[in-house]
Amino acid sequence: MTNIRTAAASSLAAAGLLFSLAACSAPAATQPATSAPATTAAASSAAASENCDGVQVIVDSGALKQDAADTSTCVDVTEPTVASEILDEAGIKTEGTAKYPTSFACRVNGVPAADFDITHKGGTLREACDDKNTVSYWALWVKPAAGTWGYAQEGLDSLMLNPGESLELLYTVDGEPAAPKA
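This is the structure we're talking about:
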């Protein structure tokens, strides 16, 4: 009888741990609705054709269509490197949110500007970088050397990237685009 209770308690504890980890992975408001590829700016497709031995960095303003923010560059790294350091090396400036000043990107190279109207399904808003905006954001994506794009599970200040991988900051409004172009 004790073995049955111990087994049941272990199963419940494991299920609880899995549930807790799933809940902590990322807020539902910031998860993409689907992982199907969507049309994005030219930065993604240009990056796909480049050969980069370091880390390929792509900034795609996506739904904002702010070409001034869009860029694609190869950063020479020879060992695992934190994403924020790679962005610094690429000359890409990020501004964090009030609650997560070094983990999340509220603005990338000044986009969206504080006075820029972001049109979404519910109307328009302006990005205040105060952690209250749940309909538009810079999504962080990682692509292994021989893999497909995956939504990053860590922030810019802790995400480690290896040579041959790609990093994309993709601006998403109302879940679109849902993922970087393949």
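Read left to right, the sequence shown gives residues -28 to -1, 1 to 154 (mature numbering (1 follows the signal peptide of the UniProt record, and there is no 0)). Built from N, CA and C at the ideal position, the CB exists for glycine as well.
When C-beta atoms of the segment 112 to 131 are compared with those of the segment 84 to 101, fewer than three pairs fall below 8 Å, so the two segments do not count as touching. Looking only at Trp113, Cys24 and Val31, the smallest Cα-Cα distance to Gly63 is reached by Val31. The Cβ atoms of Thr66 and Arg79 lie closer than 8 Å to each other.
Around the beta-carbon of Glu51, fewer than 16 other beta-carbon atoms lie within 10 Å, marking it exposed. Distances from the CA of Asp42 to each of Val145, Gly82 and Asn23 were compared; the closest alpha carbon is that of Gly82. Within its own chain, the residues whose Cβ lies closer than 8 Å to the Cβ of Val145, once the five positions on either side in sequence are excluded, are Gly34, Ala35, Leu36, Ile90, Thr91, His92, Val107 and Ser108, listed in chain order. Contact annotation: Pro149 and Glu140 have beta-carbon atoms that are not nearer than 8 Å. Relative to Glu61, the option among Ala100, Lys115 and Ser44 whose CA is nearest is Ser44. The Cβ-Cβ distance between Val114 and Glu99 does not fall below 8 Å. Looking at the DSSP output, Thr53 shares a beta bridge with Leu133.
In the three-state scheme derived from DSSP, where H, G and I count as helix and E and B as strand, Ala70 is classed as coil.
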